[in-house]
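This report concerns only the one structure given below.
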Amino acid sequence: MDVILVPEKGDTFGIEVGYFDTVLEIKEKIEKYQGIPIPKQTLIFNGRILQDDRDVEFCEILQHSRIQLVVANSELSAQSQIGRLIMKQHNMIPDPSSHHPQSGTTSTKNSNKLKVMDFFGKITMIL
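Each residue of the sequence shown is one higher than the one before, starting from 53 at the first, in my numbering.
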């Protein structure tokens, strides 16, 4: 089946994956065809970071699914880039005057709350 990769910068592209391919195998294909080193790749599908040992079936990736590709660069860590991407997707712009350091929660101009936590490489959003 074909899936669509959507990088934060640049053009989208498609790759063919098998139903039992692992996320690591998808990253290997991205490296082979796009030249992006595996350690710099983070794949996100349905708001969740895909773990390398999981397969396409487990992740519920279907034909023409759109998978976000975050590529770490030297200026920003992958986690920083993922946080920015999530906030951008949910049209949430942080308001620095309403940050609550004890709770780790940030109010936004939309009066929503967003909490991003790094827990074993996963990002959790609470809206």
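Ideal Cβ placement from N, Cα and C applies to all residues, glycine included.
Sequence-distant residues of its chain with Cβ nearer than 7 Å to residue i (five each side left out)
| i | result |
| --- | --- |
| D63 | none |
| N98 | none |
| P59 | L121 and V123 |
Beta-carbon gap between residue i and residue j smaller than 8 Å
| i | j | result |
| --- | --- | --- |
| L114 | I82 | no |
| V69 | V108 | yes |
| I90 | K79 | yes |
| D54 | V75 | no |
Backbone secondary structure at residue i - three-state DSSP
| i | result |
| --- | --- |
| T157 | The predicted position of T157 is uncertain, since its pLDDT is 47 and thus under 50; no value can be drawn from it. |
| F72 | coil |
| I90 | helix |
| I78 | helix |
| L57 | strand |
6 Å CB neighbourhood of residue i in its chain, flanking five on each side removed
| i | result |
| --- | --- |
| F72 | D107 |
| K92 | V123 and A124 |
| M88 | Per the sequence presented here, residue 88 reads as Ile, with Met not at that position. Correct list, in chain order: I82 and V123. |
Own chain residues within Cβ distance below 8 Å of residue i, not counting five before or after
| i | result |
| --- | --- |
| I56 | T64, F65, G66, H116, S117, R118 and I119 |
Of all the beta strand (DSSP E) runs that stay within the bounds of the segment 102–129, which reach a length of 3 or more residues? Contiguous beta strand (DSSP E) elements confined to the segment 102–129 occur at 118–123, taking only those with 3 or more residues.
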